[in-house]
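For reference, the structure is listed below as structure tokens.
Number of protein chains: 2
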Amino acid sequence: MKPSIPKGTRDFSPTEVANRSYIMNTIKTAFETFGFQPIETPSFENSSTLMGKYGEEGDRLIFKILNSGDFLKKADEQLLADKESTKVTSQISEKALRYDLTVPFARYVVQHQNEMTFPFKRYQVQPVWRADRPQKGRFREFYQCDADVVGSKSLWQEAEFIQLYDTVFTKLGLTETTIKINNRKILSGIAEVIGAQDKLIDFTVALDKLDKIGQAKVEEEMLSKGISEEAIQKVQPLFNFKGSNLENLDALDSMLATSEEGLQGVKELRFVINATTELGLQSANLEVDVTLARGLNYYTGAIFEVSAPKGVKMGSIGGGGRYDDLTGIFGMKDVSGVGISFGLDRIYLVLEELGLFKAVDLPKPKVLFINFGDAEGLYCMKAITELRKHNIKAELYPDTAKMKKQMTYANNRQIEYVVLAGSQEIEQEIFTLKNMITGEQQKCSKADLIKKLR
Amino acid sequence: MKPSIPKGTRDFSPTEVANRSYIMNTIKTAFETFGFQPIETPSFENSSTLMGKYGEEGDRLIFKILNSGDFLKKADEQLLADKESTKVTSQISEKALRYDLTVPFARYVVQHQNEMTFPFKRYQVQPVWRADRPQKGRFREFYQCDADVVGSKSLWQEAEFIQLYDTVFTKLGLTETTIKINNRKILSGIAEVIGAQDKLIDFTVALDKLDKIGQAKVEEEMLSKGISEEAIQKVQPLFNFKGSNLENLDALDSMLATSEEGLQGVKELRFVINATTELGLQSANLEVDVTLARGLNYYTGAIFEVSAPKGVKMGSIGGGGRYDDLTGIFGMKDVSGVGISFGLDRIYLVLEELGLFKAVDLPKPKVLFINFGDAEGLYCMKAITELRKHNIKAELYPDTAKMKKQMTYANNRQIEYVVLAGSQEIEQEIFTLKNMITGEQQKCSKADLIKKLR
Numbered sequence: 000m001k002p003s004i005p006k007g008t009r010d011f012s013p014t015e016v017a018n019r020s021y022i023m024n025t026i027k028t029a030f031e032t033f034g035f036q037p038i039e040t041p042s043f044e045n046s047s048t049l050m051g052k053y054g055e056e057g058d059r060l061i062f063k064i065l066n067s068g069d070f071l072k073k074a075d076e077q078l079l080a081d082k083e084s085t086k087v088t089s090q091i092s093e094k095a096l097r098y099d100l101t102v103p104f105a106r107y108v109v110q111h112q113n114e115m116t117f118p119f120k121r122y123q124v125q126p127v128w129r130a131d132r133p134q135k136g137r138f139r140e141f142y143q144c145d146a147d148v149v150g151s152k153s154l155w156q157e158a159e160f161i162q163l164y165d166t167v168f169t170k171l172g173l174t175e176t177t178i179k180i181n182n183r184k185i186l187s188g189i190a191e192v193i194g195a196q197d198k199l200i201d202f203t204v205a206l207d208k209l210d211k212i213g214q215a216k217v218e219e220e221m222l223s224k225g226i227s228e229e230a231i232q233k234v235q236p237l238f239n240f241k242g243s244n245l246e247n248l249d250a251l252d253s254m255l256a257t258s259e260e261g262l263q264g265v266k267e268l269r270f271v272i273n274a275t276t277e278l279g280l281q282s283a284n285l286e287v288d289v290t291l292a293r294g295l296n297y298y299t300g301a302i303f304e305v306s307a308p309k310g311v312k313m314g315s316i317g318g319g320g321r322y323d324d325l326t327g328i329f330g331m332k333d334v335s336g337v338g339i340s341f342g343l344d345r346i347y348l349v350l351e352e353l354g355l356f357k358a359v360d361l362p363k364p365k366v367l368f369i370n371f372g373d374a375e376g377l378y379c380m381k382a383i384t385e386l387r388k389h390n391i392k393a394e395l396y397p398d399t400a401k402m403k404k405q406m407t408y409a410n411n412r413q414i415e416y417v418v419l420a421g422s423q424e425i426e427q428e429i430f431t432l433k434n435m436i437t438g439e440q441q442k443c444s445k446a447d448l449i450k451k452l453r
Numbered sequence: 000m001k002p003s004i005p006k007g008t009r010d011f012s013p014t015e016v017a018n019r020s021y022i023m024n025t026i027k028t029a030f031e032t033f034g035f036q037p038i039e040t041p042s043f044e045n046s047s048t049l050m051g052k053y054g055e056e057g058d059r060l061i062f063k064i065l066n067s068g069d070f071l072k073k074a075d076e077q078l079l080a081d082k083e084s085t086k087v088t089s090q091i092s093e094k095a096l097r098y099d100l101t102v103p104f105a106r107y108v109v110q111h112q113n114e115m116t117f118p119f120k121r122y123q124v125q126p127v128w129r130a131d132r133p134q135k136g137r138f139r140e141f142y143q144c145d146a147d148v149v150g151s152k153s154l155w156q157e158a159e160f161i162q163l164y165d166t167v168f169t170k171l172g173l174t175e176t177t178i179k180i181n182n183r184k185i186l187s188g189i190a191e192v193i194g195a196q197d198k199l200i201d202f203t204v205a206l207d208k209l210d211k212i213g214q215a216k217v218e219e220e221m222l223s224k225g226i227s228e229e230a231i232q233k234v235q236p237l238f239n240f241k242g243s244n245l246e247n248l249d250a251l252d253s254m255l256a257t258s259e260e261g262l263q264g265v266k267e268l269r270f271v272i273n274a275t276t277e278l279g280l281q282s283a284n285l286e287v288d289v290t291l292a293r294g295l296n297y298y299t300g301a302i303f304e305v306s307a308p309k310g311v312k313m314g315s316i317g318g319g320g321r322y323d324d325l326t327g328i329f330g331m332k333d334v335s336g337v338g339i340s341f342g343l344d345r346i347y348l349v350l351e352e353l354g355l356f357k358a359v360d361l362p363k364p365k366v367l368f369i370n371f372g373d374a375e376g377l378y379c380m381k382a383i384t385e386l387r388k389h390n391i392k393a394e395l396y397p398d399t400a401k402m403k404k405q406m407t408y409a410n411n412r413q414i415e416y417v418v419l420a421g422s423q424e425i426e427q428e429i430f431t432l433k434n435m436i437t438g439e440q441q442k443c444s445k446a447d448l449i450k451k452l453r
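Chains A and B supply the protein sequences, listed in that same order.
According to numbering that gives the first Met the number 0, the first sequence is numbered sequentially starting from 0.
According to numbering that gives the first Met the number 0, the second sequence is numbered sequentially starting from 0.
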């Protein structure tokens, strides 16, 4: 039987690891340049840390780890007989694989608060696991790349995260991304104005379709969801949201004039937009988008989302926002947090589609030494040992195989140079260096070899 | 209730992550210089891939993942009622966390053999999980750092792995390590000579105590384990194993003259010793150790183990060997493998004890800008944006807090420089740069700032 891996998981080949490392290292370097510090948390947490934090659906998608040893001993006989899987779970499983990096981070902050200096800027790049139905671009094991600040309500953080997105995507060659920004308080303001908090999601979902289906159809959908004619009249400015970010904020100001919270949201957004305008962006566009809601009940201030360049079909490649009570779930009150996440797998697909991995240094030797026998092998290994001390990736073909086989190996691995050293070369203390791309061959000393390959 | 993490797992602080990354990157860089390519495999495998590969004790220590949804549906009622935990396991769990990197690698090779070029040199640095009883230096989640070659029986690989150990430990500043080497075939030869394959472990365990308890006590132990007086006479050369490696090999040659397999083992070892003598080592010592057995039934050729420098109390910090049938367990026959592993956690403890982390670049900003208000903040953020483009780690204190609080933050994070920019500096378009170590202050332009901090 051919071995396989669980559905929704992946093996990564050397090229894939190199490409993924390139993305992750670009993100990590930017995180550190912006003053974020790395932490790592265990792959599994106590179930009590994770359960009940992601809603009922989330709880279902958390991978549970079976207790070791005689795990059934503590299980209730009746529940087992009734096959009450959900109720039995907590009796036979006390640990679970982390579902995201945010809840473990909140747990970390509470547990280590006395060792930390606040505001604490942390980044974390680790895998998470979800028992979701796998589909294109959705996996059961995937990496999250998160940066968060806790312990400060300063809006400079929001401005900084926009700079951070711009820096990373520019470095990756991914220009013309769109960073969309909204504020939860503006959404609350809109809910106040339309007079229906419970209709807010229906409202934003309908408004989001404006570009695709036009104003008439959007209004029709709103009416069908029970949003009143009068309410729709009040939010007319949202249907003409085509000006500059600052013009749109002015329109929001008038529209939300009766909502204190809404006005506060506009004020916060204005600060971030102004700061970004002053600081400038290298290649991204910043766009106020009042339909942006991402996990409405989670965020309390700014909401971010990044779209790939136009023309690339892909959902968001990053997102985040401010949540005023990150650590409250673990009993530490009034600690505001704001953070963003990079969607590694989607960024990978976008870079691949746009041919932006060309510059990645693939994990292969710069030079292969052909193996003609034990004496020649030793002669080569002495040179290889020198080359490696100069950080040149060099390799001896391990076996005294036929020349053709060794050259095929070099070709398959796309190795740029091959060294041939037989008895003649040994006698003259030289090496024959062959460029596998041009076919050119030349004789050179060991010192020359180092110079040419460095 | 204060949140906690499962026993045997760890949170890593920024400094710990930086130190661990320093070790891992040193190892990875050396792996690549030696021509090894990275792969990654999923954290969990199908249980059938892992179970039965590590012996009964190993099976017990593998973390099993509970099936999602109504996992009890397929479980046998009678087994549940009898609380037959072991038998129920396979009915409610189909996946398990990987226990090491070797079995997943063997699975990878078999599964992807048609996409690979052999000999295949792979490295893999990923966590593994074991439900072992936690103790000092032993965790339930820990990283393994492995390099293996499959598809070649060449002894150059063994020689190369010794170079690799030497390179990594020298780079880490860990000089005077001892790389011990043995060969399974020599152990088989000894078993032949003493006429008892089943006494081999008792024999090597006793012999290993030679330095501590002396020859008389060792012979006494051997006799008590049923090894004959005659057999002990035959292996007398092992009690005088004090010469150079080559002298010891000569002694083994005479002693094992009647064992074909034993002589083959000596021949292989001689090749590796000779190659290493010719190539030289930067800082490690190579030592033939016939008591070295490490998982006797696993290895078929060379066996390696590395000890920390004398004076540091620590078990082995690395080990490995050759196994002639790596992929046989998955139905792909006759693929020889040889590999080594670095013990990250133990290396960490040794470097810490010897104060060898001093050179590690800690994840903290080079400079903190004090925040005096929105206008000053913007002035600073403009400079910070510039600095970051020059890869200088810079940070604005996010809030307009009291000066003392901001300076305390800089001190706590051991930030080297602080920039003060109030209305006066803004007017003159300058910055006041304070060296937090010397206390020295100076005024400088933005260009100067970049020059000084780069």
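We put the beta carbon where it would ideally sit given N, CA and C, even for glycine.
Restricted to the region 287-329 of chain B, the beta strand (DSSP E) segments that are unbroken, complete and at least 3 residues in length are 301-306 and 315-322, listed in chain order. Residue contact with chain B for A:Gly372: absent (no Cβ-Cβ distance below 9 Å to any residue of chain B).
For B:Tyr107, at least one C-beta of chain A is nearer than 9 Å to its own C-beta.
Between the alpha carbons of A:Ile180 and A:Val108 lies a gap of roughly 27 Å.
Proximity of B:Gly34 to chain A, defined by a Cβ-Cβ separation below 9 Å, is satisfied.
Apart from sequence neighbours up to five positions away, the residues of its chain that approach B:Thr290 with a beta-carbon distance below 7 Å are Thr203, Leu206 and Asp207, ordered along the chain. For the region 86-103 of chain B, the beta-carbon criterion of a distance under 8 Å to any beta-carbon of chain A is satisfied by Val87, Thr88, Ile91, Ser92, Glu93, Lys94 and Leu96. Distance check between A:Pro103 and each of A:Thr8, A:Leu419, A:Glu44 and A:Pro397 places A:Glu44 closest, using alpha-carbon atoms only.
Within 8 Å of the CB of B:Gln156, the CB atoms of chain A belong to Pro397, in sequence order along the chain. Judged by DSSP secondary structure, A:Ile91 falls within the alpha helix (DSSP H) whose first and last residues are Ser84 to Ile91. Inclusion of B:Cys144 and B:Phe341 in the CB contact set at 9 Å is warranted, their separation being smaller than that value.
Counting C-beta pairs with one atom in each stretch, the region 206-222 of chain A and the region 306-318 of chain A have fewer than three that are closer than 8 Å, which means they do not touch.
Taking A:Arg9 as reference, the option from A:Ile26, A:Pro41 and A:Phe138 with the minimal CA-CA separation is A:Phe138. Annotated three-state conformation of A:Leu386 is helix, per DSSP. For B:Asn434, the pairing in a beta bridge is given by DSSP as B:Tyr416. Rounded to the nearest angstrom, the gap between the Cα atoms of A:Phe11 and B:Ile38 is 6 Å. Secondary structure within the region 85-172 of chain B: the alpha helix (DSSP H) runs of 4 or more consecutive residues, fully enclosed, are 101-111 and 155-170 (chain order). Distances from the alpha-carbon of A:Glu394 to those of A:Lys198, A:Gly242 and A:Pro364 put A:Pro364 closest.
Distances from the alpha-carbon of B:Met115 to those of B:Arg97, B:Lys94, B:Arg132 and B:Val148 put B:Val148 closest. Interface flag for B:Asn113 against chain A is unset, since no Cβ pair is found closer than 9 Å. A:Glu175: not part of any beta strand (DSSP E); DSSP gives it neither H nor E. Judged by pairs of C-beta atoms under 8 Å, the region 164-171 of chain B does not touch the region 372-381 of chain B, as fewer than three such pairs exist. Under the DSSP definition of a beta bridge, B:Ser340 partners with B:Asp145 and B:Gly318. The alpha-carbon of B:Arg19 is positioned some 19 Å away from that of A:His111. In terms of beta-carbon proximity, B:Arg269 stays away from the interface with chain A, with every pair separated by 9 Å or more. Interface annotation for the region 127-145 of chain A against chain B: Trp128, Ala130, Arg139 and Glu140, criterion Cβ-Cβ distance under 9 Å. Under the 9 Å criterion on CB atoms, A:Asp207 is classed as non-interfacial with respect to chain B. DSSP, read as helix, strand or coil, puts A:Ala283 in coil.
Among the bridge pairs identified by DSSP, B:Ile64 is matched with A:Ile64 and B:Lys94.
Of the other Cβ atoms in all chains shown, 16 or more fall within 10 Å of the Cβ of B:Ile391; this residue is therefore buried. Boundaries of the alpha helix (DSSP H) harbouring B:Glu426: Ser422 to Gln427, taken from the DSSP string.
In the DSSP assignment, A:Asn370 falls outside any alpha helix (DSSP H), carrying neither H nor E. In summary, A:Asn434 is exposed, with fewer than 16 beta-carbon neighbours lying within 10 Å of its beta-carbon over all protein chains present. Listed along chain B, the residues sitting closer than 9 Å to A:Glu277 by beta-carbon distance are Leu377, Met380 and Lys381.
At a C-beta separation below 8 Å, A:Pro5 has these neighbours in chain B: Pro41, Phe43, Glu44, Asn45, Glu93 and Lys94. Annotation note: the region 10-61 of chain A contains the following uninterrupted alpha helix (DSSP H) runs of length 4 or greater, listed N- to C-terminal: 13-32, 46-49 and 54-60.
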